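Read the structure below first, then the notes.
2 protein chains.
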Amino acid sequence: MTRLFNDPDDFAEEMIEGFAAASARWVRPVTGGVVRATRGAEPTVAVVIGGGSGHYPAFGGLVGPGLAHGAAMGNLFASPSAHQVHTVATAAHEGRGVLLSFGNYAGDVLHFGQAQERMRAAGIDCRTVLVTDDVWSAPKDELERRRGIAGDLVVFKIAGAAAEAGHDLDDVERLARLANDRTRSSGVAFGGCTLPGADEPLFDVPAGRMAVGLGIHGEPGIDEVDIPTAAGLAEMFVTKLLDERPAGVDLAGARVVPILNGLGNVKYEELFVVYRTIHTLLTDAGVEIVSPEVGEFCTSFDMAGASLTLLWLDDELEQLWLAPCDTPAFRRGEVSGRRAVEDAELTALDDAHEIGAASDASRAAAAVISRAFAAVAAMLDAHADELGRIDRIAGDGDHGIGMQRGSRAADQAAAGAAGSAAGAQTTLQHAGDAWADKGGGTSGAIWGEMLVALGAAVGDEDAVTADAVGAGVAAMKDAVMSFGKAKPGDKTMIDAIVPFSDDLTERLAGGDTLIDAWSHAAGVATAAAEATSNLTARLGRARSHGDRSLGTPDPGAVSFALVAHTVLDVLKKED
Amino acid sequence: MTRLFNDPDDFAEEMIEGFAAASARWVRPVTGGVVRATRGAEPTVAVVIGGGSGHYPAFGGLVGPGLAHGAAMGNLFASPSAHQVHTVATAAHEGRGVLLSFGNYAGDVLHFGQAQERMRAAGIDCRTVLVTDDVWSAPKDELERRRGIAGDLVVFKIAGAAAEAGHDLDDVERLARLANDRTRSSGVAFGGCTLPGADEPLFDVPAGRMAVGLGIHGEPGIDEVDIPTAAGLAEMFVTKLLDERPAGVDLAGARVVPILNGLGNVKYEELFVVYRTIHTLLTDAGVEIVSPEVGEFCTSFDMAGASLTLLWLDDELEQLWLAPCDTPAFRRGEVSGRRAVEDAELTALDDAHEIGAASDASRAAAAVISRAFAAVAAMLDAHADELGRIDRIAGDGDHGIGMQRGSRAADQAAAGAAGSAAGAQTTLQHAGDAWADKGGGTSGAIWGEMLVALGAAVGDEDAVTADAVGAGVAAMKDAVMSFGKAKPGDKTMIDAIVPFSDDLTERLAGGDTLIDAWSHAAGVATAAAEATSNLTARLGRARSHGDRSLGTPDPGAVSFALVAHTVLDVLKKED
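If you read the protein sequences in the order shown, they are chains D and F.
Heads up: the first sequence begins at -3 in our numbering, then just goes up one per residue.
Heads up: the second sequence begins at -3 in our numbering, then just goes up one per residue.
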């Protein structure tokens, strides 16, 4: 909803004032909108765009060199008057004629049409190209009845680039019309915006549902479906737009610009997840993707919705689409003197995980370590659901899947390193990095740090003796302690690893074998993990998390104890 | 909320894949994030940024020439691991050292710190500059404890520009630190985002309330207040940030870059309305504003919130802030060969309302027309509230204020034109344009068109006879009919003007004087306006608007009848 305004009646006027103040590098305010603040050396045809306000960057945000010369900016979702269009077009005119371009809406058609008559009456050559990209707003055999949505950007950019290149009005009009003929968009919405001062949104879509083909002012859609996955939406978009491609376009070898547009409340991260599948589907269809755009190009305040636009290029359109432009909200340029980075320059990447020299003894230890990771990964695979269940009681439920993914990745990395004759440290470092990368969350980061710390303690040269293991486990404990802010008694994994490490160190100092010491310490860890469910001790956390966590142990402590027992089994088998 | 995803656990990874696919002109994916896809002729210091995902364009969107060399992109709102930072920094390194820069959060400090140690262990000079711009997150005497929010953009841009300019690592570090020292931000929030797959938003703010100083991941704010007006928020921002300006900065003559940032759901139009007052307040404080930015630079998915950042420039910082850059989401460049447009080139504007030649008879009619506008404006002033009340029952309640504003502007324009010896047509055209510009909404546009049509019918030369008036009213009727889709019987203003015009034409043809004919037609219009409240006829509209409209006439029809009677009074007085 729109929350920030003064008098709602003054909203559009104040918005335009603020926009012009913030964008003085590009635009100057005139009655009815803005025109460019700069001119080039030679006069060009003037491209004048416009429509109601509320669609930023459409329309004022698209005024500047290489794009529009002026924008008539009406009240919220209301066409500018003929007089406003006329004053903007008159100010923008550089003596070579004016092209008016705007989305196909009745009010805009009426007012821009009257402005065109006034321009012509004053002896200025003035033409109009309507944008009609919305495939849902009329059938294929009535293309001229379709509405304009995010395809606005395409037609305006092509027309502006053509004007900038010095074309005459005939040619600018021809190219703008060609751009519109080769542009198609499909939109969906999940909910409408609430205008300044209004009590209710312009329209509603039931929760969990998605309106298909709904317009940017809430014009009715043609269907309503359950909200699909991101990949599902990508497929809906691409299937429809490939079917709707302009007559005569062959998919094989076609070059296309995809523009994935957010209407306001569907944000960049979601758009990128959707784009990922769009990119794959278009590529799979044999289409060459040129210079895609993902962002907010034609919004409707904070309306929850998105649209995909495809511009089917030919050589002329491609050159104009890629030409430089500089406006408040859409810029395209090149910083000179750049070259593509070469693969060889990125090989430093591999160095980060280079396998260095190692002693035979350390390599032998690495092989045991690798087998331990395999056992731990198998164990966590089996227990992932149960760990998730425990975590859902007090936390966010991702502990099980995080440990499963992390240990699986660590297993693969350890096997790869050990198989490449890595020593113990290198093997543990590869495994730790992989666990942190893939495990995610705090537990992934902590396990990554623990394994890297263990590796640093045992090295790639020395044999991994019982004492080295004890020192390594102590280093793991230190890594956990320094990682977060938790202390013993806070009922976290620390409550298991601290007594485990202390007991192991004490038993080894007392002369126990590694297996005996580890066995005893693992029992201590289990008891300690169980104690994290102690009712009294958990009361503090329970207060903030609700009663459900009472009696449930900390999942991090539990999984640590499980790992300790699994490693014990491996040690016994190796013995 | 976040609606579009596949498996929520894969969201960040798929987002990064989609981002890299859409942004291949600028970035290449590597383990843990992205690095630039191009290199310049000479190697530079590498600026590596990063943090959790969910803040686009931070962080991947800021990688490219003139800005960052690489971005480590963690999971949603979670720091990248040390390994991820390390691989990105290693790939980005061009042989002249690495500057790590990121917001001051515990997880990021830990992981970037560990990555820095790894870089140094590999013999690469690596430094760190934390961003600490959020004035609400710690007091003035603990600047180093503050969090980083939208000030990220400033520090990254300055560091990237310094690297691009060829500075060595000492200097890039110094300048990044200087940028952070001279950057302050203040943020507010109205509500939190809901992450993919989550059932609830990260945090809530009660309806109508605003959290002050709340962090971009929902960290607690320091106060909660009623949502102010846009101007009120601007004043809160500016007052706080002027008070928080860096030690030693004199307001008088200071140059400052304001960056007004939307967190996701507070949209461009609202930001511009807020910026309007920020611009005025800063200017009034004696500060020179340089190259402002209004948009989305550091978001939190679709979180409803905004922040203002001020960068207090010195000569070095100004040059670096204005230097060109080219990244997926932030570009700055100049299209060469531009010059500022001169005032004289915009004078064509005035020509649009040039006063042409007119006969004495037409000028005399213009004077009467001008007096009629004065009477109509006074009448609508008196009836604005009542018309608004009627409109609120079935419509949006703006009819009264729209008619008031429109007629007032038309009155002024008509008086100006008639006072400058304009004829009847020119006077009506000025008045109609002013009504459409200022009245707004459909009624403003319709009255504008009606007046322009009436003007075209009577001209600037001929005397305005009774028959000319009749023909002019018929032209007004045609203008209304062609304007929208409404037809007689739809219970709109058409139901009043059609019988009015038809009756007037018939009476004039029958030999009535203008006053007699107009008087009769005005009575017909009143009856017709009243009939728009007919219960049976309104049932169709009532079904979609609720019962309240039953028995209430259409406000457009009522105001037309009122105008008809007011003009009758003027005609009688002139007679």
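Cβ coordinates follow ideal geometry from the N, Cα and C atoms, glycine included.
If you're wondering where the values come from, they're calculated on a predicted model, not measured in any experiment.
Item, Value
"Supposed contact pair Gly444 (chain F) and Gly77 (chain D) - C-beta distance, whole angstroms, cut 8 Å", "Note that residue 77 (chain D) is Ser in the sequence shown here, rather than Gly. With a Cβ gap of about 6 Å, Ser77 (chain D) and Gly444 (chain F) count as contacting."
"Where Val290 (chain F) meets chain D, residues with beta-carbon distance less than 7 Å", "Ala18"
"Contacts that His275 (chain F) makes with chain D (C-beta to C-beta distance below 8 Å)", "Gly14, Ala17, Ala18"
"Euclidean distance between Cα positions of Ala452 (chain F) and Ala117 (chain D)", "13 Å"
"Per-residue burial, Gly507 (chain F) [other beta carbons within 10 Å of its own, 16 or more giving buried]", "exposed"
"Identity of the residue in F:Ala524, F:Arg123, F:Ala281, F:Ala203 nearest Ala172 (chain F) by Cα", "F:Arg123"
"Beta carbon proximity, Asn261 (chain D) to chain F, threshold 8 Å", "yes"
"Pairwise C-alpha distance: Ala85 (chain F) and Ala471 (chain D)", "26 Å"
"Cβ of Leu165 (chain F) within 8 Å of any chain D Cβ", "no"
"Runs of beta strand (DSSP E) wholly within the segment 186 to 223 of chain D (minimum 3 residues, chain order)", "205 to 208, 219 to 222"
"Completely contained beta strand (DSSP E) runs for the segment 284 to 360 of chain F, where each covers 3 or more residues", "289 to 291, 300 to 308"
"C-alpha gap between Asp356 (chain D) and Lys569 (chain D), whole angstroms", "21 Å"
"Where Phe577 (chain D) falls: helix, strand or coil (DSSP)", "Residue 577 (chain D) is absent from the model: chain D starts at -3 and stops at 571."
"Through-space distance from Leu304 (chain D) to Glu13 (chain F), alpha-carbon basis", "18 Å"
"C-beta atoms of Gly466 (chain F) and Gln421 (chain F) nearer than 8 Å", "no"
"Beta-carbon contacts of Leu72 (chain D) that lie in its chain and below 8 Å, excluding the five residues immediately before and after", "Phe7, Ala8, Gly48, Ser49, Gly50, Leu191, Pro192"
"Residue-chain proximity (Met69 (chain F), chain D), Cβ-Cβ < 8 Å", "no"
"Contacts that Ala418 (chain F) makes with chain D (C-beta to C-beta distance below 8 Å)", "Those do not exist, as Ala418 (chain F) stays about 16 Å from chain D at its closest Cβ, beyond 8 Å."
"Cross-chain neighbours of Tyr101 (chain D) in chain F, by beta carbon under 7 Å", "Going along chain F, no residue has its Cβ under 7 Å from Tyr101 (chain D), so there is no contact; the nearest lies around 12 Å."
"is_contact[Ile212 (chain D), chain F] using C-beta, thresh 8 Å", "no"
"Through-space distance from Arg328 (chain F) to Leu318 (chain F), alpha-carbon basis", "7 Å"
"Helix, strand or coil at Val460 (chain D) [DSSP, three-state]", "coil"
"Minimum Cβ-Cβ distance from Gly437 (chain D) to chain F less than 8 Å", "yes"
"Terminal residues of the alpha helix (DSSP H) in which Asn176 (chain D) lies", "165 to 177"
"Thr34 (chain D) - DSSP class collapsed to helix/strand/coil", "strand"
"Bridge-paired residues (DSSP) for Asp565 (chain D)", "Partner(s): none; Asp565 (chain D) has no beta bridge."
"Sub-8 Å separation of Glu526 (chain F) and Pro549 (chain F) beta-carbons", "yes"
"Pair within 8 Å by beta-carbon distance, Met69 (chain F) and Gly46 (chain F)", "yes"
"Buried or exposed (CB count within 10 angstroms, at least 16 for buried), Glu265 (chain D)", "buried"
"Inter-residue Cα distance where the pair is Arg180 (chain F) and Asp129 (chain F)", "5 Å"
"Nonlocal neighbours in the same chain, by C-beta distance under 8 Å from Ile397 (chain D), ignoring five residues either side", "Ala380, Gly384"
"Given 8 Å, three or more beta-carbon pairs between the segment 154 to 162 of chain F and the segment 35 to 45 of chain F", "yes"
"Cutoff 8 Å: Arg379 (chain F) Cβ touching any chain D Cβ", "Just to set this straight, residue 379 (chain F) is His in the shown sequence, not Arg. It does not; no Cβ of chain D falls within 8 Å."
"Residue closest to Leu63 (chain D), alpha-carbon to alpha-carbon, out of D:Thr509, D:Asp148, D:Ala560", "D:Asp148"
"Validate contact between the segment 254 to 261 of chain F and the segment 286 to 294 of chain F using beta carbons, cut 8 Å, 3 pairs", "yes"
"Chain D residues whose Cβ lies nearer than 9 Å to that of Phe55 (chain F)", "Those within 9 Å of Phe55 (chain F) in chain D number zero; the least Cβ separation is about 12 Å."
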